[in-house]
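S.K.:
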Amino acid sequence: MAELIAADKAMDAALALLRAGEVVAIPTETVYGLAGDATNGEAVARIFEAKGRPRFNPLIAHVADMAMAERIGVFDPLSRRLAEKFWPGPLTLVVPLRAGSGIHPLVTAGLDTIALRMPKGFGGTLIARLGRPLAAPSANTSGKISSTSGEAVASDLGGRIPLVVDGGATPVGLESTIVKVEDGKVRLLRPGGVAASEIEAVAGAPLLRGATAGIEAPGMLASHYAPGAVMRLNAGIVGAGEALLGFGPRRAEGWQQARAFLNLSESGDLREAATNLFAHLQALDRSGAGMIAVEPVPSEELGEAINDRLARAAAPRDNPHV
Ligand code: TXA
Ligand code: MG
Numbered sequence: 001m002a003e004l005i006a007a008d009k010a011m012d013a014a015l016a017l018l019r020a021g022e023v024v025a026i027p028t029e030t031v032y033g034l035a036g037d038a039t040n041g042e043a044v045a046r047i048f049e050a051k052g053r054p055r056f057n058p059l060i061a062h063v064a065d066m067a068m069a070e071r072i073g074v075f076d077p078l079s080r081r082l083a084e085k086f087w088p089g090p091l092t093l094v095v096p097l098r099a100g101s102g103i104h105p106l107v108t109a110g111l112d113t114i115a116l117r118m119p120k121g122f123g124g125t126l127i128a129r130l131g132r133p134l135a136a137p138s139a140n141t142s143g144k145i146s147s148t149s150g151e152a153v154a155s156d157l158g159g160r161i162p163l164v165v166d167g168g169a170t171p172v173g174l175e176s177t178i179v180k181v182e183d184g185k186v187r188l189l190r191p192g193g194v195a196a197s198e199i200e201a202v203a204g205a206p207l208l209r210g211a212t213a214g215i216e217a218p219g220m221l222a223s224h225y226a227p228g229a230v231m232r233l234n235a236g237i238v239g240a241g242e243a244l245l246g247f248g249p250r251r252a253e254g255w256q257q258a259r260a261f262l263n264l265s266e267s268g269d270l271r272e273a274a275t276n277l278f279a280h281l282q283a284l285d286r287s288g289a290g291m292i293a294v295e296p297v298p299s300e301e302l303g304e305a306i307n308d309r310l311a312r313a314a315a316p317r318d319n320p321h322v
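Numbering (the UniProt record's numbering), first residue to last: 1 to 322.
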C-alpha cells in the first residue's frame, strides 16, 4: 500500500523515489497527478501501468520554469504570452516538441507536439528540486474520475504506487484547460480550470473549437470521467432512489426523495462548483444509487468545463469499468 505523507514532510521521499524511476502521486492546483520523470522511459511506463491507461494517450509534461519549458517545446509568440499570463496555473499549452528535448517518446505517444504545464505549489517546487520535467496524468485509474484529495488517490491507486503526497483538497478541482496555437489562433482542445473568456482576452480573438484532424486530445474519449452510476443531466425532477447533484439555491422537484444529495454550490458559484465536482460525484457514487440526477449548470465561464465533464460522465459506456 502507498504511504500517505503530508506535503510539508514529503519532499525528500518524493525526490528519492522519482530519482529511482518510481512514480509518486502529487497534489497540483487542478487535480492530483501521477508523476514520473519524463526523461525516463521506465518511469513513464510505470505511470501507464498504474493507471491501466491505453498507451496511445500522450501525457502532459510539467515544468518548473520557462527555461525548462523552452528546452522541451518550441514557443511561438502567442504561446509564450499565454504562458507568461497563466503560468504557474491551470493552463496546458500544446507546442511543437524541440529536437533533443530529452523527453521520452512514451510521453508524447510518438507525436511531434508536446503538452506543457507549469503547476503551482508542491509540484512546482518538486520539479525545480529534481531539475527534470515530470510527466503526470491525473492520478486515477483510466476511465475513472480524477482525484481531488490524497485519500481519493490512495483508495484508487494505493495498491499500485509507493507514495501519495497529501496536499489536501486541490483548489481548482478540475483539470487544466488545454490549448494549442495554430497559425496565430488559439484552439481549445479541452475546457478546464482557465475559462475560455480569460484566454480570449489575452489572444484578442475568439478561440477555435473542436479538434483538428488527427489525434489532439484523445483523453476526451467518451467515458473518460465515468462514475459507476448512470448519470442523468439537466434533471428538473428527481426519481425515487436517485442520488441528486445540485447546483445553486433552487432545487429540482422531488429532491426530498433523493437517496443522497450534494450541492456543487449553494450560491451558484461556478468556481466553487468546479472544486466540488469530482469529490461530489465520487461521494454520490458511493451512496449506492444506480442513477445520479444532475441539476442544470449554466455553460458560461467555468461552467463550460463542468458541463463537458458531466457530459462525458453521462456518455454511454462502450467499455464499462468494474
Ligand atoms: O490539470 C491537469 O491537466 C492534470 C494535472 C495532473 O496536471 N493532468 C491531466 O492529465 O489531466 P491527463 O493525462 O489526464 O490529460 C491530459 C490530456 C489528455 O487528454 C491528452 O490526450 C492530452 O492532454 N494531450 C497530451 N499531449 C497532447 C498533445 N501533444 N496534443 C494534444 N493533446 C495532448
Ligand atoms: Mg485524466
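We treat Cβ as the ideally placed atom computed from N, Cα and C, and that holds for glycine.
Could you name the residues of the same chain whose beta carbon sits closer than 6 Å to that of residue 314, not counting the 5 residues immediately before and after it, in chain order?
M.R.: Scanning its chain for C-beta atoms nearer than 6 Å, with the 5 sequence neighbours on each side dropped, one finds around residue 314 the residues 231 and 233, in chain order.
S.K.: Could you have a look at residue 267 and say whether DSSP puts it in helix, strand or coil?
M.R.: coil
S.K.: DSSP puts residue 108 in a beta bridge; with which residues?
M.R.: Its beta-bridge partners do not exist; DSSP assigns none.
S.K.: Out of 79, 274, 137 and 282, state which residue places its alpha-carbon closest to the alpha-carbon of residue 261.
M.R.: Cα-wise, what sits closest to residue 261 is 282.
S.K.: Let me check understanding here. Comparing Cα to Cα, which of 76, 179, 309 and 127 lies closest to residue 28?
M.R.: 127
S.K.: Just confirm the distance between the C-beta atoms of residue 247 and residue 145, as a whole number of angstroms; I'd bet it's less than 8 Å.
M.R.: The Cβ separation is near 17 Å, so there is no contact.
S.K.: Quick one, are the C-beta atoms of residue 302 and residue 166 less than 8 Å apart?
M.R.: no
S.K.: Please state whether the Cβ-Cβ distance between residue 35 and residue 136 is less than 8 Å.
M.R.: Taking 8 Å as the Cβ cut-off, residue 35 and residue 136 qualify as a contacting pair.
S.K.: I'd like the ranges of any alpha helix (DSSP H) spanning at least 4 consecutive residues and lying wholly in the stretch 28 to 68.
M.R.: Listed in chain order, they are 41 to 51.
S.K.: I think residue 72 touches residue 114, with their Cβ atoms under 8 Å apart; what is that distance to the nearest whole Å?
M.R.: A Cβ-Cβ distance of about 6 Å is found for the pair residue 72 and residue 114, placing them in contact under the 8 Å criterion.
S.K.: Rounded to whole angstroms, what is the Cα-Cα separation between residue 229 and residue 238?
M.R.: 15 Å
S.K.: Can you find a heavy atom of the ligand TXA that lies under 7 Å from the Cβ of residue 70?
M.R.: no
S.K.: Considering only heavy atoms of the ligand COA, does any lie closer than 7 Å to the CB of residue 287?
M.R.: With respect to the ligand COA, the structure offers nothing, as its ligand set consists of the ligand TXA and the ligand MG.
S.K.: Pairs of beta-carbons, one from the stretch 12 to 19 and one from the stretch 86 to 106, closer than 8 Å: are there three or more?
M.R.: no
S.K.: Taking C-beta to C-beta, are residue 243 and residue 257 nearer than 8 Å?
M.R.: no
S.K.: Should residue 171 be counted as a contact of the ligand TXA given a C-beta to heavy atom distance under 7 Å?
M.R.: no
S.K.: For a test of the three-state rule: what should DSSP assign to residue 113, helix, strand or coil?
M.R.: strand
S.K.: If residue 157 and residue 50 are in contact, beta carbons under 8 Å, what's the gap, nearest whole angstrom?
M.R.: 6 Å
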